[in-house]
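Asks: If you're matching positions, the sequence shown starts at 129 in the numbering used here and goes up one per residue.
Let me give you the structure first, and then I'll get to my questions.
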Amino acid sequence: MKAIVYTEFGSPDVLRIEETAQPVPKPNEILVRVRAAGINFGDLVARSFKAVTPRGFYMPFLFWLIGKASFGWNKPRIRILGDEWAGDVVSVGREVKRFKPGDQVFGFTGQRFGANAEFLCLAESAPVAHKPATVTMEEAAVIPYGALMALPLLRRANLQPGQRILINGASGGIGSAAVQIAKHLGAEVTAVCGGPRLEFVRALGADRAIDYEEQDFTKNGETYDVIFDILGQAHFSRCRHSLKPRGVLLYASFKTRNLLSMIRTSLSRGRRVVCAIAPGSLKDLLAVKELVEAGKIKAIIDKRFPMDRAADAHRYVETGRRTGAVVIMMAPGAEEEGK
Ligand SMILES: NC(=O)c1ccc[n+]([C@@H]2O[C@H](COP(=O)([O-])OP(=O)(O)OC[C@H]3O[C@@H](n4cnc5c(N)ncnc54)[C@H](OP(=O)(O)O)[C@@H]3O)[C@@H](O)[C@H]2O)c1
Numbered sequence: 129m130k131a132i133v134y135t136e137f138g139s140p141d142v143l144r145i146e147e148t149a150q151p152v153p154k155p156n157e158i159l160v161r162v163r164a165a166g167i168n169f170g171d172l173v174a175r176s177f178k179a180v181t182p183r184g185f186y187m188p189f190l191f192w193l194i195g196k197a198s199f200g201w202n203k204p205r206i207r208i209l210g211d212e213w214a215g216d217v218v219s220v221g222r223e224v225k226r227f228k229p230g231d232q233v234f235g236f237t238g239q240r241f242g243a244n245a246e247f248l249c250l251a252e253s254a255p256v257a258h259k260p261a262t263v264t265m266e267e268a269a270v271i272p273y274g275a276l277m278a279l280p281l282l283r284r285a286n287l288q289p290g291q292r293i294l295i296n297g298a299s300g301g302i303g304s305a306a307v308q309i310a311k312h313l314g315a316e317v318t319a320v321c322g323g324p325r326l327e328f329v330r331a332l333g334a335d336r337a338i339d340y341e342e343q344d345f346t347k348n349g350e351t352y353d354v355i356f357d358i359l360g361q362a363h364f365s366r367c368r369h370s371l372k373p374r375g376v377l378l379y380a381s382f383k384t385r386n387l388l389s390m391i392r393t394s395l396s397r398g399r400r401v402v403c404a405i406a407p408g409s410l411k412d413l414l415a416v417k418e419l420v421e422a423g424k425i426k427a428i429i430d431k432r433f434p435m436d437r438a439a440d441a442h443r444y445v446e447t448g449r450r451t452g453a454v455v456i457m458m459a460p461g462a463e464e465e466g467k
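Below you can see the structure in the form of structure tokens.
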């Protein structure tokens with residue numbers, strides 16, 4: 129089968145198409161023909177992890193070490209990137225009950241990656257589910273990562289109808305899902321992102337949008353029940369006055385000092401800091417599927433690239449100019465299929 133492989137860490141130029149062995153499903157696995165795969169933060173980090181220092185990493189040192197162990201020290205341990213995808217089931221192992229050949233599915237492989245290939249084997253128990261009939265293959269392919277991270281993280285903030293939430297980093301993979309889930313929960317959403325993406329976050333449902341280059345949300349006098357900081361840029365001391373008296377500062381990315389703030393504030397009855405990790409579970413994927421079917425989560429695609437232009441696709445994501453998701457079409461005609 130054809131796969132987009134990389135055997136050196138580095139710029140998008142390290143990505144190339146190679147013929148590799150097609151995986152064979154074990155008794156508890158399914159074999160999927162991948163139709164489309166999203167590109168997100170995880171792909172870019174794994175591709176260039178050699179250059180990522182503990183200081184430049186968005187998480188505590190221990191997480192960086194775990195990253196080194198899974199992505200590799202000097203050479204990549206993973207050869208094929210791609211953690212969110214959609215495709216059709218080609219064959220199933222004899223123990224598989226949930227799927228049959230021909231089923232259209234979508235899913236998340238997490239740090240195992242592997243979806244930038246024509247075929248992918250997955251355990252039946254992995255985060256893989258039937259593709260919602262309301263979206264195309266390419267739309268389904270760009271939903272899992274952001275929604276699977278945003279849904280359980282937002283749960284930790286216990287957001288209630290009518291509450292006010294500010295999402296710092298609202299135009300990215302996690303943020304764009306968080307805006308939609310927060311709206312679904314009945315919250316009033318303020319989205320913070322770069323100026324060229326203000327319209328995009330409004331199209332996702334944000335009630336207000338702030339360009340972080342134009343306005344510091346910690347200084348405009350507004351207060352929120354929840355501040356969801358995706359990149360971990362707003363320290364508690366900086367934004368505590370933007371939180372209501374019992375407000376929650378929720379971090380998707382956090383350093384040790386944020387963890388210390390979480391421990392300190394957990395003892396108080398006032399403003400709280402929450403640092404949390406999303407499990408990327410099957411249970412959450414099934415919940416995401418229902419939200420997509422109900423029209424509560426949609427995908428807005430900016431650009432599509434064929435498989436042999438994966439390097440261009442990564443380059444485009446790295447320009448920071450995208451307005452919506454970027455998808456690699458692993459099979460010709462995937463955009464017409466599956467709706
Ligand atoms: N806790 C977990 O379980 C978990 C899981 C996965 C990832 N993460 C963390 O999530 C982060 C990646 O999130 P993602 O995939 O959503 O990233 P992403 O797609 O790269 O999006 C980054 C977002 O941050 C915004 N941004 C950039 N500079 C900013 C600034 N100065 N002020 C405010 N916003 C700014 C971007 O806005 P513009 O593009 O509009 O400029 C964009 O909305 C990583 O730090 C990773 O460690 C956490």
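The beta-carbon is built from N, C-alpha and C at its ideal position, and this holds for glycine as well.
Hey, how far is the Cα of Gly221 from the Cα of Gln150?
Replies: 15 Å
Asks: Output the boundary residues of the beta strand (DSSP E) element that contains Lys311.
Replies: Per DSSP, Lys311 belongs to no beta strand (DSSP E); it is in the alpha helix (DSSP H), 301–312.
Asks: Below 8 Å CB to CB, which residues in the same chain sit around Gly442 once its five sequence neighbours on both sides are set aside?
Replies: Note that residue 442 corresponds to His in the displayed sequence, not to Gly. Here His442 has Pro140, Leu143, Ile167, Asp171, Leu172, Arg175 as same chain residues with Cβ atoms under 8 Å from its own Cβ, once five neighbours each way along the sequence are excluded.
Asks: Counting only the same chain and skipping the five closest in sequence on each side, list residues whose C-beta sits under 7 Å from that of Asp440.
Replies: Closer than 7 Å at Cβ, skipping near neighbours: Phe433.
Asks: Less than 9 Å between the beta carbons of Leu282 and Ala306, yes or no?
Replies: Yes; because the gap between Cβ atoms is below 9 Å, this pair is in contact.
Asks: Beta-carbon within less than 6 Å of Pro280's beta-carbon, same chain only, minus the 5 sequence neighbours each way: which residues are those?
Replies: Ala406, Asp412
Asks: Got a sec? Which residues, its chain only, sit under 6 Å from Lys130 by beta carbon, not counting five neighbours each side?
Replies: Ile145, Glu246
Asks: Does the distance from the C-beta atom of Ala362 to that of Val162 stay below 9 Å?
Replies: no
Asks: How is Leu281 classed by DSSP in three states: helix, strand or coil?
Replies: helix
Asks: Measure the Cβ-Cβ separation of Phe236 and Leu276 and say whether it is below 9 Å.
Replies: yes
Asks: Do you know offhand how far Gln343's Cα is from Gly349's?
Replies: For Gln343 and Gly349, the distance between alpha carbons rounds to 11 Å.
Asks: Is the stretch 244–259 touching the stretch 204–217, taking contact as three or more C-beta pairs under 8 Å?
Replies: yes
Asks: Any chance the CB of Tyr340 is under 8 Å from a heavy atom of ligand 1?
Replies: Placement of the Cβ of Tyr340 at a distance of less than 8 Å from at least one heavy atom of ligand 1 is found.
Asks: Following a CB-centred definition, is Leu387 positioned closer than 8 Å to any heavy atom of ligand 1?
Replies: With a cut-off of 8 Å, the C-beta of Leu387 is classified as distant from ligand 1, since no heavy atom of the ligand falls inside that distance.
Asks: Who are the near neighbours of Ala315 in its chain, counting only those whose CB is closer than 6 Å to its CB and skipping five residues on each side?
Replies: Leu287, Gln291, Ile293
Asks: For the beta strand (DSSP E) that Glu146 lies in, which residues bound it at each end?
Replies: Unbroken beta strand (DSSP E) run through Glu146: 144–147.
Asks: Can you find the residues in the same chain that come closer than 6 Å, C-beta to C-beta, to Lys311, ignoring five residues on each side of it along the sequence?
Replies: Val317, Gly333
Asks: I need the straight-line Cα distance from Leu414 to Ala257, nearest angstrom please.
Replies: 7 Å
Asks: On a CA-only basis, which of Glu418, Gly184, Pro373 is nearest Arg397? Give me that one, please.
Replies: Pro373
Asks: Please list the terminal residues of the continuous alpha helix (DSSP H) segment that includes Ser198.
Replies: 189–199
Asks: In chain order, what residues of the same chain have a beta carbon less than 8 Å from the beta carbon of Thr351, not counting five sequence neighbours either side?
Replies: Arg292, His369, Ser370, Leu371, Lys372, Gly375
Asks: For Arg450, which residues in the same chain have their Cβ closer than 6 Å to its Cβ, ignoring the five residues on either side in sequence?
Replies: Closer than 6 Å at Cβ, skipping near neighbours: Asp430.
Asks: I need the DSSP call for Ile429, collapsed to helix, strand or coil.
Replies: Residue state, collapsed to three classes: strand.
Asks: By DSSP's criteria, Tyr352 is part of a beta bridge. Which residues make up the other side?
Replies: Leu371
Asks: Cα separation between Asn202 and Lys178?
Replies: 6 Å
Asks: Quick check: the Cα distance between Arg183 and Ser381, rounded to an integer number of angstroms?
Replies: 13 Å
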